[in-house]
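Per my numbering: the sequence shown = residues 6 to 264.
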Amino acid sequence: LKHLVKAKGEIRFENLSFSYDQKEGRKDALRNVNLDIKPGEVVAFVGPSGGGKSTLVNLLPRFFKPKVGRILLDQIPIEEIMLADLRKQIAFVSQDVIFFNDTIASNVAYGSSIEGIDRGRVIESLEAANLTGLLTELPNGIDTLVGDNGNRLSGGQRQRLAIARAIYKDAPILILDEATSALDSESEKLVQEALNKLMKGRTTLIIAHRLATVLKADRILVMEGGQVVASGTHESLLAQGGLYAELAELQFGQGSAEL
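Right, here's the structure in full:
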């Protein structure tokens, strides 16, 4: 197996098919997906629930194994990379991040030993994640306990703490899975600002139901039935009509109805 210190972040999905139930005749969650993502590119995946968006990104850290096809990172098949090294290249921010009943510092530097925590970097990561206000309110600063699964924090603070963790990790690939979905508009604004900083210079895969969060992506891929059915910028996809235009009409035409 190969060691990988820091990936450039070039990702290729080749003829990828996957089924959660491997029995013959079962419907595939992904069918013959081919996709090249350049280092530093921001690619968003949208489409109805069950379309294959989460399945596709969950194959990258090898949570599952494809039935057919392969995934390459920097032109190396991912199963040839040491698993720990592969996962060091990827930071996740999702709507259901897990926190430990430990200090803010330990949660941000998750994966480092206590001696290995760079406190200055923890504070920089929190500031970049728009959590400076929280630090001044807390009695023990970064040594404050967050409570069981972060229950002493608001939803918006938890999301920003998850972003601070990703900033601290400094991985070249970022996966954002519904990262702003459950927030009020003020929290969402702060979270979105923090995400914009985090995404700079990283290959970013965004899964979103709300199109407002993906308008600035370099490329938007519409997934339905386990396949990529359309690809382009927001403007070009609107012009093509079809599923994306319908989703946009649903969300922007009549308020912001969720899919």
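Beta carbons: idealized from backbone N, C-alpha and C, even for Gly.
In the DSSP output, what is residue i paired with across the bridge?
i, result
"residue 204", "Residue 204 pairs with nothing; no bridge assigned."
"residue 7", "86"
"residue 179", "96, 209"
"residue 108", "150"
Does residue i pass the burial test, meaning 16 or more other C-beta atoms within 10 Å, or should it be called exposed?
i, result
"residue 88", "exposed"
"residue 130", "buried"
"residue 58", "buried"
"residue 25", "exposed"
"residue 5", "Because the chain spans 6 through 264 in this model, residue 5 falls outside it and cannot be assessed."
"residue 244", "exposed"
Can you tell me whether residue i is helix, strand or coil according to DSSP?
i, result
"residue 199", "helix"
"residue 193", "helix"
"residue 142", "helix"
"residue 128", "helix"
"residue 151", "coil"
"residue 219", "coil"
Give every residue of the same chain whose Cβ lies closer than 6 Å to the Cβ of residue i, excluding the five residues on either side of it in the sequence, and list them in chain order.
i, result
"residue 75", "19, 82"
"residue 12", "78, 79, 94, 177"
"residue 110", "122, 127, 147"
Leaving out five residues on either side along the sequence, give the residues of the same chain with a beta carbon under 7 Å from the beta carbon of residue i.
i, result
"residue 63", "69"
"residue 172", "130, 133, 134, 203"
"residue 34", "23, 24, 25, 57, 60, 231"
"residue 124", "110, 147"
"residue 247", "235"
Report all residues from its chain with a CB closer than 8 Å to the CB of residue i; omit the five preceding and five following residues, and keep chain order.
i, result
"residue 45", "14, 206, 207, 208"
"residue 112", "104, 105, 151, 155, 166, 170"
"residue 188", "160, 161, 164, 196"
With three or more beta-carbon pairs closer than 8 Å as the criterion, would you say the region 134-142 touches the region 179-186? no
Using a Cβ distance threshold of 8 Å, determine whether the region 158-165 contacts the region 231-239, with at least three qualifying pairs required. no
Touching by the beta-carbon criterion (3+ pairs, under 8 Å), the region 38-53 and the region 214-230: yes
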